[in-house]
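If you read the sequence shown in my numbering, its first letter stands for residue 1100, the second for the next number, and so on.
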Amino acid sequence: MTIENQIKSALVQAFNDLYNSVIDEKILQLQLTRKDMKGDYTLVVFPLLKLSKKNPVETGNDLGAAVLKLCSDVSSFEVINGFLNLTLSHAYWIRALQVIGGNETHGFKSADAHSPLVMIEYSSPNTNKPLHLGHIRNNLLGFSISRIAQVNGNRVVKTNIVNDRGVHICKSMLAWQKWGQGQTPESTGLKGDHLVGNFYVKFDQEYKKELSELMAKGLSKEEAEAQSTLMHETREMLLKWEAHDPEVYELWKTMNQWVYNGFDVTYKNMGVDFDKIYYESDTYITGRDMVFEGLEKGAFYQREDKSIWCDFTAEGLDEKLLLRTDGTSVYITQDIGTAKLRFDDYKIDKMVYVVGNEQIYHFKILALLLDKLGFDWGKDLMHFSYGMVELPEGKMKSREGTVVDADDLMEEMVNTARAMSKELGKLDGYSEEEAEKVYKTIAMGSLKYFILKVDPRKNMTFDPKESIDFNGNTGPFIQYTYARIQSVLKKAEDKGFEIPSQVNTNVGLGVKEVLLIRMLANFPQIIAEAGSIYSPAIIANYTYELVKEFNQFYHESPIAFEEDADVRGLRLQLCKVVGQTIKNAMWTLGVDVPERM
1100 MTIENQIKSA LVQAFNDLYN SVIDEKILQL QLTRKDMKGD YTLVVFPLLK LSKKNPVETG
1160 NDLGAAVLKL CSDVSSFEVI NGFLNLTLSH AYWIRALQVI GGNETHGFKS ADAHSPLVMI
1220 EYSSPNTNKP LHLGHIRNNL LGFSISRIAQ VNGNRVVKTN IVNDRGVHIC KSMLAWQKWG
1280 QGQTPESTGL KGDHLVGNFY VKFDQEYKKE LSELMAKGLS KEEAEAQSTL MHETREMLLK
1340 WEAHDPEVYE LWKTMNQWVY NGFDVTYKNM GVDFDKIYYE SDTYITGRDM VFEGLEKGAF
1400 YQREDKSIWC DFTAEGLDEK LLLRTDGTSV YITQDIGTAK LRFDDYKIDK MVYVVGNEQI
1460 YHFKILALLL DKLGFDWGKD LMHFSYGMVE LPEGKMKSRE GTVVDADDLM EEMVNTARAM
1520 SKELGKLDGY SEEEAEKVYK TIAMGSLKYF ILKVDPRKNM TFDPKESIDF NGNTGPFIQY
1580 TYARIQSVLK KAEDKGFEIP SQVNTNVGLG VKEVLLIRML ANFPQIIAEA GSIYSPAIIA
1640 NYTYELVKEF NQFYHESPIA FEEDADVRGL RLQLCKVVGQ TIKNAMWTLG VDVPERM
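This is how it looks when you write it as structure tokens:
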């Protein structure tokens, strides 16, 4: 029985003994005491006054005195207005520390064959450009959410849908045909995704030039767009692709493979992976077939131009295009097909789409479409909507080539970590190979933590220099504290001091020690809360607060140099468990922590 349940049970009995009244535990508002108040748990007394028929202070004192007798782990109480603050004994907290220390995965739940199966989709790149800063936030959120779902006792499938077909892909292909002069990743020395992305930008530049020339002849922008030769050729290429024209199809396969190879390098450097990858070129056909089925069943309708639509005006939305006049698919067509294939492949209990908040409307429509097609699971899909990420300089645009490339940003982070570490002398005495490994760990920890500490639903500005600071709410600050703890434990080991298997429960605890143990004991609730609202930020900011409190304790209390063996043993145990919790918490964020730093 948890201490919360013990206290509630004691309160129920106390209420019966004091007021001859039976109460339900559910009405007891018991919560952790605020940091600025004395105590560990606080009972809100006000809801109980009708039954006690006494004022708040009298009721609080009655209940506090009774709980003191009934629950041996409660050592004292204090009543402030309508709040009963209960303080737990030092012996209780020491026992709690022992229990936590004996479980290396404290706070984590394990899944079994009967656990819910959650599929989480993230990344979803287009094969016409490299991954950029926006993709970084998407991938880091998706990967972290998958780990958080896992440690909350779910079976998890991490999945990616690659948008490898459509007009936007044909733009890069057409540009390569016209201006590529046979360039390849090997001939240029460029990663394949970068090379293809350059031709996507080239298409946009030439398209704008063409529009300007047409508009200079007196055409409106709309008329110029309608007469654009480049756009006409692009649409023709898409039709040829869907007809499996040999030349177009071979070019598509070649250029896509260049991009896939480039993506693999980026994903590896980012530290994310997938259990299953789907491709729009495979799923859109299934989606198209389902649209035709829906048309036959009367769920959709066809206009005179042969395009197929679904009317959502009754739901307060608008009409949605499902297939174009020429029979080519749109984004939502492949989403329908992908959803069906996924549920054919896996018996999913929950589907989570990690996609930016500009697609909120899209996923509302998708859920309704799947429901109209007769899939019960359609209504249950979840769109994890997150905000946009920008640099201090402002927004990014792929077509104009102004995006912040993911590879370039990660390389810049490593260079910054290297420069700052050398300046601060953090890695003096390391071999070059050891130092480079730590530089990358610090760099990626900086990037991941800075992005994940922000409420995912909010827009954010990513500042590389601020993220890599060794002080404040940053990844390096947390990583350095973990390394510091390992150093303390190593010094103790060198002195011949072992972490005792049993800590003396009669040792007196300082205020910081109690606070730290209390925070450690609350880690399972933090994991559960992060899982319930899909928020890595909950864990990130908990970890920062834990680290901040530990550093104050470290500066105020001798550990390896403490002369009292019992006190030293307890503090070493506390160091070990704080380090263990930091490592586990950062693991859920996809962040590594170095043993030395």
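Glycine included, each C-beta is placed from N, C-alpha and C at the ideal position.
Computed from a predicted model, the values in this text were never measured in an experiment.
Cutoff 7 Å; reference residue i; Cβ partners in own chain excluding five residues on either side
| i | result |
| --- | --- |
| Ala1627 | Asn1251 |
| Phe1442 | Trp1476 |
| Ile1407 | Val1390, Leu1394, Phe1399, Gln1401, Leu1421 and Leu1422 |
| Lys1277 | none |
| Lys1478 | Ala1466 and Asp1470 |
| His1267 | Asn1225 and Asn1227 |
Where residue i falls, given that 16 or more other Cβ within 10 Å makes a residue buried
| i | result |
| --- | --- |
| Ile1584 | buried |
| Gly1317 | exposed |
| Ala1325 | exposed |
| Ile1126 | exposed |
| Tyr1460 | exposed |
| Val1300 | buried |
| Leu1523 | exposed |
| Glu1418 | exposed |
| Pro1693 | buried |
| Val1371 | buried |
| Glu1597 | exposed |
| Glu1499 | Note that Glu1499 scores 47 on pLDDT, short of 50, meaning its location in the model is unreliable; the coordinates nonetheless yield the value given after this. Classification of Glu1499: exposed, given that the 10 Å Cβ count is below 16. |
| Val1155 | In the sequence under discussion, the amino acid at residue 1155 is Pro, which differs from the Val named in the question. Looking at its Cβ environment, which holds 16 or more other Cβ atoms inside 10 Å, Pro1155 is buried. |
| Thr1158 | buried |
| Asp1649 | First, the amino acid is wrong: residue 1649 is Phe here, not Asp. By the neighbour-count rule (16 or more Cβ atoms within 10 Å), Phe1649 is buried. |
| Thr1687 | buried |
| Thr1424 | exposed |
| Ser1530 | exposed |
| Val1198 | exposed |
| Asn1237 | buried |
Chain-order list of residues whose beta-carbon lies under 8 Å from that of residue i (same chain, five-residue window excluded)
| i | result |
| --- | --- |
| Glu1511 | Pro1563 |
| Ser1214 | Gly1252, Asn1253 and Arg1254 |
| Arg1617 | Leu1131, Asp1139 and Trp1192 |
Nearest-angstrom Cα separation, counted from residue j out to residue i
| i | j | result |
| --- | --- | --- |
| Tyr1633 | Asn1603 | 39 Å |
| Met1543 | Ala1636 | 17 Å |
| Gly1201 | Lys1208 | 15 Å |
| Val1453 | Asn1640 | 21 Å |
| His1654 | Arg1556 | 36 Å |
| Asp1292 | Met1389 | 32 Å |
| Tyr1400 | Trp1340 | 26 Å |
| Ile1244 | Asp1434 | 21 Å |
| Tyr1643 | Ile1235 | 22 Å |
| Asp1139 | Asn1184 | 7 Å |
| Asp1444 | Leu1350 | 30 Å |
| Asp1211 | Asn1253 | 8 Å |
| Glu1321 | Ser1428 | 23 Å |
| Pro1224 | Val1261 | 5 Å |
| Val1295 | Val1537 | 32 Å |
| Arg1194 | Lys1611 | 17 Å |
Cut-off 6 Å between Cβ atoms - residues of its own chain near residue i, not counting five sequence neighbours on either side
| i | result |
| --- | --- |
| Val1451 | Ile1219, Met1481 and Phe1483 |
| Ser1497 | Any reading at Ser1497 is ruled out, since the residue's pLDDT is 43, under 50, leaving its predicted position unreliable. |
| Ala1534 | Leu1526 |
| Ala1368 | Looking at the sequence itself, residue 1368 is Asn, so the reference to Ala does not match. Excluding residues within five positions, the ones whose Cβ falls inside 6 Å are Met1509. |
| Glu1312 | none |
Residue i in three-state terms, based on DSSP
| i | result |
| --- | --- |
| Ile1584 | helix |
| Phe1652 | helix |
| Met1389 | helix |
| His1343 | coil |
| Lys1590 | helix |
| Gly1426 | coil |
| Ser1120 | coil |
| Asp1504 | strand |
| Leu1131 | strand |
| Lys1419 | strand |
| Glu1694 | coil |
| Val1602 | coil |
| Leu1526 | coil |
| Glu1535 | helix |
| Val1513 | helix |
| Ser1108 | helix |
| Phe1569 | coil |
| Gly1595 | coil |
| Met1330 | helix |
Alpha helix (DSSP H) runs wholly inside the region 1243-1328, at least 4 long, in chain order: 1266-1278, 1284-1287, 1291-1315 and 1320-1326
As an exercise, report each continuous beta strand (DSSP E) stretch of at least 3 residues that is fully enclosed by the region 1164-1251, in chain order. 1173-1179, 1182-1187 and 1216-1220
Those runs of the alpha helix (DSSP H) which lie wholly inside the region 1350-1412 and span at least 4 residues: 1379-1395
Ignoring anything shorter than 4 residues, give me the alpha helix (DSSP H) runs that lie fully in the region 1604-1670, in order along the chain. 1610-1620, 1622-1632 and 1635-1655
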